[in-house]
DNA sequence: TAATATTGACTAAATAAGCAGTCAACTTGA
DNA sequence: TCAAGTTGACTGCTTATTTAGTCAATATTA
């Protein structure tokens, strides 16, 4: 779903190379274990060059988080497809993180999300991104209601639960086995068919 | 819901004092910012005393995580109450983390959960705990089906989604505002009434 | 009983490794 | 030639952990 080689594929400069190295070091060592030296190990040039392109470690990570959240937002961008089909696509995208790469991406995002309690800048970025995604979901559901394929009174509330399940599954990817996630998916499909679909 | 003063209330020794100090330092500084010195700041005695009671920082944190997960497991212990009422209690417990203390507890747990990707011992603890909780939820739902108050074909799948929502809300407590959580709760109640209740 | 070991809780100071960040010098391309 | 990119060596600080020892209480023995 999310492909690093396309995510960082248009590498057109040292700054992007640094971001890419930071991403891989984050996936490998986690936020708590991340150091400039370890980022440098994923980077062809000297690690001190990082400070020529970024003020400090914090601003580098903040930049990376911005990139990553943009990627996630594109997953739920309102498309021209019929809302009834589109909701199925989103459900599949949420639950089927088959590629190990996409899973590493999701894990890294969750790890950064966990930092929001102690980093106001992260908090603000996640808050904006979550609000954007919830509004997109609301629009999709509302469009479905208008076309008669969905039947809900409060699209905002349906979108809120949708997002809770989305974030829940992202977090569960850390520990849950594929079977448990499949069971959760089956039940969520039942909810979509029973409570959303007209 | 979770009360620290009772959690660490039966302080009966230095080891428990250290655990308490570690908990507060974790809430204040987060996992990445946690140091022995900062734990010592929440501890009356010398920080070097920590090494008299624990082998190292890792084993101390592992011990704390064990305590915390035990607390969470007691939240969903199968009780003698009617399953129909009990499921409402659990839903309320999940969504209404009003006390700032309980919220700090939940945030700390999520932060430790995010470490599972890079710490196998954490991974194992969370995996066991999640399995236990899911089995409890399955039992409650199954009991409700037997008594005729619930009507579901696959209690395991309902429990899996229940847990996804539980973990999702725990994660959202980091960033989501109370209104959004309330909206998610309203929709989840609708799901319980429509898809679970007979 | 009185002197002497032995223990466990505890501490301040030291250690060695690792950390983020700096800097002066060198290279490169326009 | 000049600005931007790049480098390795370096600095001061923080880290987890160890060391070497104090102290009070208890156990042992004469």
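Protein chains in written order, with the UniProt record's numbering: chain A, 1 to 198; chain B, 1 to 198. Glycine residues also receive a C-beta, built at the ideal position from the N, C-alpha and C atoms.
Decide if residue 144 of chain B is buried, meaning its Cβ has at least 16 other Cβ atoms within 10 Å, or exposed. Buried: at least 16 other Cβ atoms inside 10 Å.
Go to residue 59 of chain A, then tell me how far its alpha helix (DSSP H) extends in each direction, as first and last residue. Per DSSP, the continuous alpha helix (DSSP H) segment holding residue 59 of chain A begins and ends at 57-75.
Taking the beta carbon of residue 138 of chain A as the centre, do at least 16 other beta carbons fall within 10 Å, making it buried, or is it exposed? buried
State the start and end residues of the unbroken alpha helix (DSSP H) segment that holds residue 97 of chain B. Neither: residue 97 of chain B is in no alpha helix (DSSP H) and is coded neither H nor E.
If we cut at 9 Å on Cβ distances, does residue 105 of chain A have a partner in chain B? Taking Cβ atoms only, chain B never reaches closer than 9 Å to residue 105 of chain A, which makes this a no.
Residue 150 of chain B, DSSP secondary structure in three states: Looking at residue 150 of chain B - three-state DSSP - the assignment turns out to be strand.
Keeping to the same chain, check which residues put their C-beta closer than 7 Å to that of residue 181 of chain A; ignore five residues upstream and five downstream. 95, 169 and 172
Tell me where the alpha helix (DSSP H) around residue 158 of chain B begins and ends. 155-172
Beta-carbon proximity of residue 16 of chain B to residue 42 of chain B, cut-off 9 Å: No.
Report buried or exposed for residue 51 of chain A, applying the criterion of at least 16 other Cβ atoms within 10 angstroms of its Cβ. Counting every other CB atom within 10 Å of its CB across the protein chains shown gives residue 51 of chain A a total below 16, marking it as exposed.
Supposed close pair residue 283 of chain A, residue 60 of chain A - CB separation, criterion 8 Å: Residue coverage of chain A in this structure runs from 1 to 198, which leaves residue 283 of chain A outside it and unanswerable.
Pull the bridge partners of residue 197 of chain A from the DSSP assignment, please. According to DSSP, which records beta bridges pairwise, residue 197 of chain A is partnered with A:150.
Nearest-angstrom Cα distance between residue 31 of chain B and residue 118 of chain B? 13 Å
Quick one: any contact between the stretch 147-161 of chain A and the stretch 175-189 of chain B, if contact means 3 or more CB pairs under 8 Å? yes
I need the DSSP call for residue 144 of chain A, collapsed to helix, strand or coil. helix
Can you say whether residue 174 of chain B is buried or exposed, counting buried as having 16 or more other CB atoms within 10 angstroms of its CB? buried
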